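Numbering (this note's numbering), first residue to last: 392 to 615. Every residue gets a Cβ at the ideal spot worked out from N, C-alpha and C, and that includes glycine. A quick note: this is a predicted structure, and the numbers were derived from the prediction, not measured. Before any comments, here is the structure.
Rendered as structure tokens:
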């Protein structure tokens, strides 16, 4: 059995909406092994993005513990949270989140700045990952000169360039057609197998759910 990579115990998160308190997550217990390739399913408002944000250190739980590898995520201060994200995580978003005035190579390089690497090393790593995702001939193209599928490939290269233990992907295929979705899923699966990187993919897209190894389903802030 693979060693545990992600562990959530009793995780709760509540938001204030006007004068009302809304429970986004209610007592979440979840373990993911190293090298996992799993889906996080549920309708809009079920808590999927909130859960990814908590694992990613973009928000803090009100209660409970989150551990990723050797990182006690729920206990880290802001400086250590930044170090955790740089060392352990990659992010892929529905809207790609690329800088429009930067080239594909520059967008991927951005993920390495926090590591303090020299520019020549950053460029070499960015070019290596872009070649691996099939964009070695698009290094100087800006996002507006790329298709949606190509932009998501840049985003995946950016997520992988820091050699993360875990990639958090939030609705990564929502804006893509069927053929491009298949290509992106093939790419993520290939990177998962070749690098041993775990992927947690938040989605309600059946095209994704039929390709992952396991599905965890959220409803009203609880894991079904």
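| Asked | Found |
| --- | --- |
| Report the three-state DSSP secondary structure of residue 489 (helix, strand or coil). | coil |
| Taking only three categories from DSSP, how would you classify residue 599? | helix |
| Taking just the CA atoms, how far does residue 524 sit from residue 531? | 15 Å |
| What residue range does the alpha helix (DSSP H) around residue 512 cover? | 510-523 |
| Tell me, please, whether the stretch 512-527 touches the stretch 563-570 by the rule of three or more beta-carbon pairs shorter than 8 Å. | no |
| Given a cut-off of 8 Å, decide if residue 433 and residue 610 are closer than it, judged by their beta-carbon atoms. | yes |
| Helix or strand or just coil, what does DSSP make of residue 594? | coil |
| Going by alpha carbons, who is nearest to residue 493 out of 512, 480 and 533? | 533 |
| So, using beta-carbon positions, are residue 593 and residue 404 closer together than 8 Å? | no |
| Are residue 606 and residue 429 touching if we call contact CB-CB under 8 Å? | yes |
| In chain order, what residues of the same chain lie with their CB nearer than 8 Å to the CB of residue 614, ignoring the 5 residues before and after it? | 419, 420, 421, 607 and 608 |
| In chain order, which continuous runs of the beta strand (DSSP E) of length 3 or greater are located wholly inside the stretch 536-576? | 557-561 |
| State yes or no: is the C-beta of residue 548 within less than 8 Å of the C-beta of residue 499? | yes |
| In whole angstroms, what is the alpha-carbon distance linking residue 448 and residue 476? | 7 Å |
| Report buried or exposed for residue 555, applying the criterion of at least 16 other Cβ atoms within 10 angstroms of its Cβ. | buried |
| With a threshold of 8 Å, are at least 3 pairs of Cβ atoms found where one atom belongs to the stretch 460-469 and the other to the stretch 407-414? | no |
| Going by DSSP, what residue range makes up the beta strand (DSSP E) through residue 499? | Element bounds for residue 499: not the beta strand (DSSP E) but the alpha helix (DSSP H), 495-500. |
| How long is the line joining the alpha carbons of residue 541 and residue 597, rounded to whole angstroms? | 22 Å |
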